[in-house]
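Read through the structure below, which is laid out as C-alpha cells, and then see the notes.
Chains as they are written, first to last, in the numbering used here: chain C, 1 to 96; chain D, 1001 to 1463.
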C-alpha cells in the first residue's frame, strides 16, 4: 500500500472522527473517553505481528510485553465501559 | 499466503474499521451508547482474529500475552470502584501508549535498516506512546493521591522542557540519518527515555482540577500513537481507529477547555492553582459566613418546593453520592422538585459526576447541564453545593482580577437560598477565595459532606 494512500486515510479519518462526535452530552463524556480508550488498544494488531513473526529474545520480550499491555487496555477498557453504561441503563429502566 | 486469504484479511480489516466508526458514533448518543461499545468490541475481536489468521505466526508467546493481559484487564475492570474511575481510565490509557512504544521498539529491533518513512513512523510511535504512557502514569498517581495533586513547578522548568524537546529532535535526526550504525541502538534508547521524561514533565505542572483536560488529551495521544504504529506496519485499521480516538480526545479536550474559558496552552503551561499562579487572589471578598445547623437546614429544605444539587470533586472524595441520592428521594417524596446540576469540569475527568450519580441510581431525567439550569436558577428555592467550589464561584462573573474570571459557572448564588457543604472556608483548588460563602443568601454546613447529608436525612426521618 502506498504511503500517500495511508496518509490520505489518516487525514480523512481525523475529519470523520471530528464530524462523528462533535456533539456529546456530558453524561457520556466518561464512557466515550473510556470506550475510545479501548479502541486505541488496536495497537494490539501491531503487537501480535511483532510477537508472532519470531525474532531474537529481545524482540520476543518486547512483543510479548506489548501484547500484555495492549490486551489489558482492550479487555479492561471495554469491560469497564460496559460496566459504566450498564449503570446508566439500569437506572433509566428502573425509572419507568 | 494465498491471494484469496489476502482478500479475506483485507475484508476483515475493513469490517473492523466500519465497526469502530459505527461504535464510536453510537457511543456518543445516550440511547445507543451501550450497543456502541459492544459494536466496537466486536470490531476489535475481528481485527485480532484476522491478524492471527494472516499466517506464518508462532503462537506461543502471543497466547501467553493474551491470557496474562486478559486476566489482569478483567480483574481490574470488574473490581475498580466507580469513585476510582478517573485513575483507572488514566492507567488503561497509559498501557495503550506503552504498547505502541513497544511495537515501535520491536520493529526497530527486528529491522533497524527500514525505509525512512518507517523510521519516522517508529520515531513517532515511540515519542507519542512514551509521552502518553508516562504522562498517564503521573496523572494516575495524582488522581489516586499517590503524589500531591498540586502543580509541581521549579525554576527553569520551561528551559528544561525546551532543552528536552531539542534533545529529542536531535536524537531523532541522528537516528534517521544512521539507523543501523554502531551506536544507533543507544540513540534509539535515548529517544525512548527522553520521551518518557517529556511525558512526566508535561503533566507534573498541571493541577488536580485541570485533570479533565489532561486525561482527554492523553487519550488523544494514545490514539495517535496507535496511528503511528499503523504507519509502521502499513495497516489501515490502526490508522483509522487511532485517528478516531485522536479526534475524540481532541474534541473532549476542547469541550473541557471551553468549560473553563481557558486555552489549551494556558492549561498545559501555566501551573494554574500553584502558589505563584493562583495566589493573586482578589481583594475585598471578606465578610461574614453564615453557618447553619442540620436542624435549621432541615426546616429550610422541608419548606422548599424546588431543590438543585450541585456536586463537585468533594462529593467523590467523601463518597457521598449515595447519601445525596437518598436525600434527593426524601425531598421528592416531600413534594419538592429535585434536580442535579452538573458543571462540565466538575470532578477529575470529563463526566465524572454523571458516573457517580448513575452509580447511586439517580435517574437520568433529573440530571441537568449547566446551560439548562442557569436560565431558571432564580426560581429555585434551595441550591445544595456538595464539594464543588470553583465551578460555583461568583468571582468568575464579578471580579475581573480573579484568575478564574470569565469561566462559565453555575450561578447558584441567584437561587433563593444556597447551602454549601464544606469542611472549612478554605479556598478551592484554584486557590481563589470564594465570595459565595459570604453572600447574604448562603448558609454554610461545615463538616464532612457525607456525615452532613446523613445528619439531614436523620432529621427528615425523625420528623
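Yeah, the Cβ is synthetic: ideal placement off N, Cα and C, and Gly gets one too. This structure is a prediction, so every number in the text was calculated from the model and none was measured.
Distance between residue j and residue i (C-alpha atoms, nearest Å)
i	j	result
residue 1264 (chain D)	residue 1254 (chain D)	8 Å
residue 1006 (chain D)	residue 59 (chain C)	26 Å
residue 1414 (chain D)	residue 1341 (chain D)	14 Å
residue 1243 (chain D)	residue 1399 (chain D)	41 Å
residue 31 (chain C)	residue 1089 (chain D)	10 Å
residue 86 (chain C)	residue 50 (chain C)	35 Å
residue 1321 (chain D)	residue 1080 (chain D)	16 Å
residue 94 (chain C)	residue 1161 (chain D)	For residue 94 (chain C), the predicted structure reports a pLDDT of 43, less than 50, and the residue's modelled location is therefore unreliable. A value from the coordinates is still provided. In a straight line, the C-alpha of residue 94 (chain C) is about 52 Å away from that of residue 1161 (chain D).
residue 1076 (chain D)	residue 1174 (chain D)	41 Å
residue 1062 (chain D)	residue 67 (chain C)	7 Å
residue 1408 (chain D)	residue 1395 (chain D)	11 Å
residue 1142 (chain D)	residue 1348 (chain D)	10 Å
residue 1397 (chain D)	residue 1434 (chain D)	12 Å
residue 1108 (chain D)	residue 1101 (chain D)	11 Å
residue 1030 (chain D)	residue 1350 (chain D)	15 Å
residue 1157 (chain D)	residue 1221 (chain D)	22 Å
residue 1330 (chain D)	residue 1365 (chain D)	17 Å
Residues bridged to residue i [DSSP beta-bridge criterion]
i	result
residue 1417 (chain D)	D:1382
residue 1306 (chain D)	D:1337
residue 1444 (chain D)	D:1291, D:1420
residue 1311 (chain D)	D:1386
residue 1367 (chain D)	D:1340
Own chain partners of residue i with C-beta closer than 7 Å, once the 5 adjacent residues on each side are dropped
i	result
residue 1345 (chain D)	1212, 1256, 1259, 1260, 1391
residue 1336 (chain D)	1304, 1305, 1306, 1307
residue 1194 (chain D)	1164, 1167, 1168, 1171
residue 1083 (chain D)	1316, 1319, 1356
residue 1359 (chain D)	1082, 1321
residue 70 (chain C)	41, 43, 44, 47
residue 1112 (chain D)	1179, 1180, 1184
residue 1126 (chain D)	1101, 1104, 1105, 1191, 1192, 1195
residue 1208 (chain D)	1142, 1149, 1348, 1429
Nonlocal neighbours in the same chain, by C-beta distance under 8 Å from residue i, ignoring five residues either side
i	result
residue 1387 (chain D)	1311, 1312, 1313, 1314, 1315, 1316, 1317, 1318, 1320, 1421, 1422, 1449
residue 1453 (chain D)	1320, 1323, 1324, 1326, 1327, 1386, 1421
residue 1052 (chain D)	1059, 1062
Own chain partners of residue i with C-beta closer than 6 Å, once the 5 adjacent residues on each side are dropped
i	result
residue 1190 (chain D)	1171
residue 1373 (chain D)	1341
residue 1266 (chain D)	none
residue 1380 (chain D)	1306, 1308, 1415
Worksheet entry | Within 7 Å of chain C by C-beta, residues of the segment 1322-1335 of chain D in sequence order | none
Fill in: Residues, ordered as in the chain, of the segment 1358-1374 of chain D that lie near chain C by beta-carbon distance below 8 Å
Cβ contacts with chain C come from 1358, 1359, 1361, 1362, 1363, 1364, 1365, 1367, 1369.
Worksheet entry | Positions along the segment 1233-1244 of chain D whose CB lies within less than 7 Å of some CB in chain C | 1233, 1234, 1235, 1236, 1237, 1238, 1239, 1240, 1241, 1242, 1243, 1244
Fill in: Within 7 Å of chain C by C-beta, residues of the segment 1393-1415 of chain D in sequence order
none
Worksheet item: Fully enclosed by the segment 29-89 of chain C, which beta strand (DSSP E) runs are 3 residues long or longer?
Response: none
Item to complete: Closer than 7 Å, Cβ to Cβ, to anything on chain D: give me those residues from the segment 56-69 of chain C, in chain order.
Response: 58, 59, 60, 62, 63, 64, 65, 66, 67, 68, 69
Worksheet item: Whole beta strand (DSSP E) runs in the segment 1151-1196 of chain D with 3 or more residues, listed along the chain?
Response: The segment 1151-1196 of chain D contains no whole beta strand (DSSP E) run of 3 or more residues.
Item to complete: Pull out every residue of the segment 1341-1356 of chain D whose Cβ sits closer than 7 Å to any Cβ of chain C, in chain order.
Response: Near chain C, meaning a CB-to-CB distance below 7 Å, the residues of the segment 1341-1356 of chain D are 1342, 1344, 1349, 1350, 1351, 1352, 1354, 1355.
Discussion item. Going residue by residue through the segment 1021-1082 of chain D, where are the continuous alpha helix (DSSP H) segments of at least 4 residues, counting only ones entirely within it?
Written reply: 1033-1053, 1060-1079
Practice prompt. Taking a Cβ distance cut-off of 8 Å, strictly less, list which residues of the segment 1067-1093 of chain D are near chain C, in chain order.
Written response: 1068, 1069, 1070, 1072, 1073, 1074, 1076, 1077, 1078, 1080, 1082, 1085, 1088, 1089, 1092, 1093
Item to complete: Report the residues of the segment 1141-1155 of chain D with a CB closer than 8 Å to any CB of chain C, ordered along the chain.
Response: none
Fill in: Against chain D: residues of the segment 29-41 of chain C by CB proximity under 8 Å
29, 30, 31, 32, 33, 34, 35, 36, 37, 38, 39, 40, 41
Worksheet item: Along the segment 8-27 of chain C, what residues have a CB closer than 9 Å to any CB found in chain D?
Response: Answer set for the segment 8-27 of chain C: 9, 10, 11, 12, 13, 14, 15, 16, 17, 18, 19, 20, 21, 22, 23, 24, 25, 26, 27.
Practice prompt. Using a Cβ-Cβ cut-off of less than 8 Å, give me the residues of the segment 1213-1229 of chain D that come near chain C, in sequence order.
Written response: 1215, 1216, 1219, 1222, 1223, 1225, 1226, 1227, 1229
Item to complete: Scan the segment 1086-1165 of chain D and note each continuous alpha helix (DSSP H) run of 4 residues or more that stays entirely inside, going in chain order.
Response: 1116-1143
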